[in-house]
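Let me begin by presenting the structure, written as C-alpha cells, before commenting on it.
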Amino acid sequence: LTQDELKQQAAQAALDHVLPQLQPDSILGVGTGSTVDRFIDLLAPHRQEFRAAVSSSERSTRRLRAAGIEVLDLNDVAALALYVDGADEIDPQLNMVKGGGGALTREKIVASVADRFVCIVDESKLVERLGAFPLPIEVIPLAREAVARQVRQLGGQPCLREGFVTDNGNQILDVSGLNYGDPAEFEALLNNIPGVVCCGLFAISGAQVALVAGQDGVSRLEL
Ligand code: DER
Numbered sequence: 002l003t004q005d006e007l008k009q010q011a012a013q014a015a016l017d018h019v020l021p022q023l024q025p026d027s028i029l030g031v032g033t034g035s036t037v038d039r040f041i042d043l044l045a046p047h048r049q050e051f052r053a054a055v056s057s058s059e060r061s062t063r064r065l066r067a068a069g070i071e072v073l074d075l076n077d078v079a080a081l082a083l084y085v086d087g088a089d090e091i092d093p094q095l096n097m098v099k100g101g102g103g104a105l106t107r108e109k110i111v112a113s114v115a116d117r118f119v120c121i122v123d124e125s126k127l128v129e130r131l132g133a134f135p136l137p138i139e140v141i142p143l144a145r146e147a148v149a150r151q152v153r154q155l156g157g158q159p160c161l162r163e164g165f166v167t168d169n170g171n172q173i174l175d176v177s178g179l180n181y182g183d184p185a186e187f188e189a190l191l192n193n194i195p196g197v198v199c200c201g202l203f204a205i206s207g208a209q210v211a212l213v214a215g216q217d218g219v220s221r222l223e224l
C-alpha cells in the first residue's frame with residue numbers, strides 16, 4: 002500500500018472509532034494535515050450526526066466548511082469530547098512531534114480542551130524514540146534570533162521556515178539535532194524560552210489513542 006492509501010486507512014479507522022461516540026450535540030476538535038484532510042472528507046456524509054467542529058487551522062476550517070460542517074470558535078465551546086489529528090512522529094508512549102503543517106500552536110490549544118486526543122498516522126510516523134523529525138517551534142518574529150541562539154545552546158540546529166507565516170502571524174524554526182531526553186521535561190524547557198509561542202513536542206499532554214495504518218492493517222495503540 003502507498004503512503005496515501007495508508008493515510009486513507011487511518012482516516013477511515015478514525016471515522017469508525019469516532020462516529021459511535023458522537024451525539025447530536027457533540028462538537029469535534031479537528032487537527033491539520035493531509036491525513037486529517039481525508040478524515041474531514043469522510044466526515045462530510047455524517048455531518049448531521051454531530052453538532053459542529055472546532056478547527057486548528059485556517060486550512061482545516063476551509064476544508065470543514067467545504068464539507069458542509071459548521072466551524073465554531075473555540076471561545077464558544079466549553080468542552081470537546083474528542084480531538085482528531087495527525088503527527089509527524091509518535092512514540093510508544095504516545096508522545097508526539099507535530100507541526101510539519103505549521104499549525105502546532107492552535108493544534109495544542111484545541112487538543113488541550115479535548116478529553117481524548119485520537120492520533121491518526123501511517124506507520125512511517127511510529128518511532129521508537131522521537132527526534133529524527135526537525136522540531137517545529139513557533140516564535141515571535143522579534144525573538145527569532147534570540148530563540149535560535151538558545152536552541153543552539155541546547156545542541157539544536159535551527160532553520161527558519163522561509164516565507165512561512167503561521168495563522169497567528171508568527172514564524173517557525175525547524176530544529177534538527179535535539180536530544181529530548183525526557184520529552185515532557187524538554188517541552189517545558191522550550192516553553193520557558195522567551196519568544197517561544199509553542200513547540201511541536203506534545204508530551205506534557207500527548208495522545209490517548211493512536212490509530213496506526215500499516216501494510217497489514219490498522220493497529221490501535223492505547224495508554
Ligand atoms: O502539522 C501537523 O502537526 C500535522 O498533524 C502533521 O504532523 C501531519 O501531517 P500529515 O497527516 O500530512 O502527515
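With the UniProt record's numbering as the guide, the letters of the sequence shown map in order to residues 2 to 224.
Ideal Cβ placement from N, Cα and C applies to all residues, glycine included.
Any non-hydrogen atom of the ligand DER closer than 7 Å to residue i Cβ
i      : result
Thr36  : yes
Glu108 : yes
Leu105 : yes
Ala88  : yes
Thr167 : no
Gly101 : yes
Thr33  : yes
For residue i, three-class secondary structure by DSSP
i           : result
Ala208      : coil
Pro137      : strand
Leu174      : strand
Phe187      : helix
Ser57       : coil
Phe165      : coil
Pro25       : coil
Asp17       : helix
Arg221      : strand
Ala214      : strand
Ile41       : helix
Val78       : coil
residue 254 : Not covered by the structure: residue 254. The range shown for the chain is 2 to 224.
Val148      : helix
Leu65       : helix
Asp123      : strand
Glu6        : helix
Pro143      : The sequence as given places Leu at residue 143; Pro does not occur at that position. Leu143: helix per DSSP, three-state reduction.
Leu131      : coil
Inter-residue CB distance, residue i and residue j (contact presumed, cutoff 8 Å)
i      : j      : result
Leu23  : Glu50  : 5 Å
Leu202 : Leu136 : 7 Å
Ile121 : Val85  : 6 Å
Glu90  : Val152 : So it is not a contact: roughly 18 Å between Cβ atoms.
Leu95  : Ala15  : About 15 Å separates the two Cβ atoms, so there is no contact after all.
Ala208 : Met97  : 6 Å
Leu105 : Cys199 : 5 Å
Ala67  : Arg48  : Not a contact, Cβ separation roughly 12 Å.
Gln4   : Ser113 : Going by Cβ atoms, the distance from Gln4 to Ser113 rounds to 29 Å, so no, they are not a contact pair.
Asn171 : Pro142 : 6 Å
Val119 : Val197 : Not really, about 27 Å apart at Cβ, beyond 8 Å.
Per DSSP, cross-strand counterpart(s) of residue i
i      : result
Phe51  : DSSP output for Phe51 lists no bridge partner at all.
Gln158 : Ser177
Arg117 : Leu83
Ile194 : None; Ile194 has no bridge partner.
Ile91  : Met97, Leu127
Gly103 : According to DSSP, Gly103 bridges with nothing at all.
Gly30  : Val55, Tyr84
Legend entry - Three or more C-beta pairs below 8 Å linking the segment 123-137 and the segment 166-175: yes
Legend entry - Three-pair Cβ contact test at 8 Å for the segment 177-189 versus the segment 50-68: no
Legend entry - Inter-stretch contact at 8 Å, needing at least 3 Cβ pairs: the segment 86-102 / the segment 30-39: yes
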